[in-house]
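Below is one structure, written out as structure tokens, with a few remarks after it.
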Amino acid sequence: MVAKGLDIEDVTLVGVVNCDSMLGLPDYHMNERVYQLITQVSGRAGRKRKKGRVIIQTYNPQSSVMKNILASDYESFYDQELASRKELCYPPFSNLINIIISGKEENRVKKDIKELFAEISKDIRNGSSILGPAPAPFYKINLFYRWHIIIKSKNMGYSNKILSEILKRFKKFDKNKIIIDVDPVWIL
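With the first letter of the sequence shown counted as 1, position 91 gets the number 91 in full-length UniProt numbering; the numbers rise by one all the way through.
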């Protein structure tokens, strides 16, 4: 409740337990989310006239994210995050397209994602890359198996062409569901 911004008047101690677990998730937004979450809850301790304390449990206090959080150095965090995204070709330096195929029959999901990967791979150009196919980080949800492909493209026009081709081929995946998420907020 505190992390969501609820102002509880008598909160003077905030504990953030095992925040490193978020940093290990396979999503390029995680450093940003950890920074945002810890900053948000830290601001909830000791409001008005009461003094507050924040205790952060981390197994890696030397990580640049944790150092920037502890120093309240948003500018350094921002600069490092932007440099990392540029090096790895993540937004805002590219477009990401996360394509997920899900279905109740695991083998059919794998077959369809591999077919789609083979087709898309034929069209990949300079400035674009394709990752996968691989099980989605949340591999099974409500009896549905999930596999995904991630496309990175520096050219949005080219990304639109890829999306158009995917939508044309979508008809042949009648037993499975396809999700196309452009510049996803979550890759999980």
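From the three backbone atoms N, C-alpha and C, an ideal C-beta is built for every residue, glycine too.
A quick note: this is a predicted structure, and the numbers were derived from the prediction, not measured.
Determine, using beta carbons only, whether Gly103 and Lys168 come nearer to each other than 8 Å. As a working note, residue 103 is residue 103 in the sequence shown. As a working note, residue 168 is residue 168 in the sequence shown. Here Gly103 is not near Lys168, since their CB atoms are 8 Å or more apart.
Contact check, Trp147 vs Ile179, beta carbons under 8 Å: Looking up residue 147 in the sequence shown gives position 147. Looking up residue 179 in the sequence shown gives position 179. It is not a contact, given that the beta carbons lie outside the stated cut-off.
Less than 8 Å separating the beta-carbons of Thr12 and Arg49? As a working note, residue 12 is residue 12 in the sequence shown. As a working note, residue 49 is residue 49 in the sequence shown. Taking 8 Å as the Cβ cut-off, Thr12 and Arg49 do not qualify as a contacting pair.
Pick from Gly15, Val185, Gly157 and Tyr145: whose alpha carbon is nearest that of Thr58? Walking along the sequence shown from the start, residue 58 turns up at place 58. The candidate whose alpha carbon is nearest that of Thr58 is Gly15.
Which runs of the alpha helix (DSSP H), 4 residues or longer, sit entirely within the stretch 12–80? Considered as a whole, the stretch 12–80 harbours 20–23, 30–42 and 64–70 as its complete alpha helix (DSSP H) runs of no fewer than 4 residues, in chain order.
Whole-Å CB distance - Asn95 paired with Ser159, under 8 Å assumed: Within the sequence shown, the letter at position 95 stands for residue 95. Within the sequence shown, the letter at position 159 stands for residue 159. Between Ser159 and Asn95 the Cβ distance is about 5 Å, and since that is below 8 Å, they are a contact.
Starting from Leu131, follow its DSSP beta bridges and name the residues at the other end. Counting from one through the sequence shown, the residue named residue 131 turns up at place 131. Its beta-bridge partners are Ile150.
In three-state terms, what does DSSP make of Val185? Translated into the one-based positions of the sequence shown, residue 185 becomes position 185. Reduced to three states, the DSSP call for Val185 is coil.
From Arg44, Asn155, Tyr28 and Asn18, residue whose alpha carbon lies closest to that of Asp10: Translated into positions along the sequence shown, residue 10 becomes position 10. That would be Arg44, whose Cα lies nearest to the Cα of Asp10.
Exposure of Ser118, with buried meaning 16 or more beta-carbon neighbours within 10 Å: Position 118 of the sequence shown, counting from 1, holds the residue named residue 118. Per the sequence presented here, residue 118 reads as Ala, with Ser not at that position. Its Cβ having fewer than 16 others within 10 Å, Ala118 is exposed.
So, helix, strand or coil for Ser102, using DSSP? Against the sequence shown, residue 102 aligns to sequence position 102. Of the three classes helix, strand and coil, the one that applies to Ser102 here is strand, per DSSP.
Proximal residues to Ser42 (C-beta, below 6 Å), its chain only, five neighbours per side dropped: Translated into positions along the sequence shown, residue 42 becomes position 42. Same-chain partners within the cutoff: Val54.
Within a Cβ cutoff of 6 Å, which residues of the same chain sit near Met156, ignoring the five residues on either side of it in sequence? Mapped onto the sequence shown, residue 156 falls at position 156. Excluding five sequence positions before and after Met156, the CB atoms of its chain that fall closer than 6 Å to its own CB belong to Asn95, given in chain order.
If you count every other CB in all the chains shown that lies within 10 Å of the CB of Pro184, and 16 or more means buried, which is it? For the purposes of this step, residue 184 is taken as residue 184 along the sequence shown, with counting starting at 1. Answer is buried; the Cβ neighbour count reaches 16.
Hey, would you say Gly132 sits closer than 8 Å to Ser153, going by beta carbons? As a working note, residue 132 is residue 132 in the sequence shown. As a working note, residue 153 is residue 153 in the sequence shown. No, these two residues do not count as a Cβ contact at 8 Å.
Where Asp79 and Gln40 are concerned, what is the direct C-alpha to C-alpha distance, given to the nearest angstrom? Walking along the sequence shown from the start, residue 79 turns up at place 79. Walking along the sequence shown from the start, residue 40 turns up at place 40. Each residue's alpha carbon lies about 20 Å from the other.
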